[in-house]
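Participant: Residues in the sequence shown are numbered from 5 upward in steps of one, following our numbering.
The C-beta atom is built at its ideal place from N, Cα and C for all residues, glycine as well.
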Amino acid sequence: MTTDKQITGLWTFVRSFRPIKPERLCTFIVAQGGVSDRGGNVRKLIGSTRSRPGLIAHRGRSLDRMAELCCEQGFIEAATERALLDAIDLDLTSEGVYRLCDLDAYQEWREWMMYYYSLDKLGLMHLQSVAQVLRALATMGPIDDEALQSQPVESQDVAEVPESVPF
């Protein structure tokens, strides 16, 4: 069983520290003006431009040039159109594609999010003080360790997280 002290310590940590989520590949591409998709390869991956606004742009960079830029930034290993298309597909269908140098930061952010969701499921994240958390815990009874264990965050859960947590 998890003790009240462990839970309040975790609650204090989650409230006092919010890691910055590293930039995903598709977000980077949009920030660079998008890609010009003359062959329709990107559109095939995303279905329509509405599903990922800004990824395809008439005045965007060519896939080859964007592949070079993404390779320079550490998103992909090879500066090829195929590598970029594969990475875009992976970014859109998984937890994301991040710069190699950002993988530790991503893992830190992901772990923080897991704890945030665990505490939120217990109804503790909206509370404003340790005293309020302790009062809430007193009404809950014993909390199983599994309730606070790191569990994989699904990409659809990540999308639901507000940009600014209310604390």
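For P23 versus W113, is the C-beta distance shorter than 7 Å?
Facilitator: Cβ atoms of P23 and W113: closer than 7 Å.
Participant: Considering only the alpha carbon of each residue, which of R19, P26, A35, L67 lies closest to H130?
Facilitator: Measuring from the Cα of H130, the nearest candidate turns out to be R19.
Participant: In whole angstroms, what is the alpha-carbon distance linking E150 and L59?
Facilitator: E150 and L59: Cα-Cα distance of roughly 39 Å.
Participant: Should K25 go down as buried or exposed, given a rule of 16 or more other Cβ atoms within 10 Å for buried?
Facilitator: Counting Cβ neighbours within 10 Å, K25 comes out buried, since at least 16 surround it.
Participant: Since R65 sits in a beta bridge, which residues does DSSP pair it with?
Facilitator: Its beta-bridge partners are V39.
Participant: Between I147 and T6, how many whole angstroms is the CB-CB distance? I'm expecting something under 8 Å.
Facilitator: Right, their Cβ atoms sit about 5 Å apart.
Participant: Around the Cβ of F21, are there at least 16 other Cβ atoms within 10 angstroms (buried) or fewer (exposed)?
Facilitator: When all chains shown are included, F21 counts as exposed.
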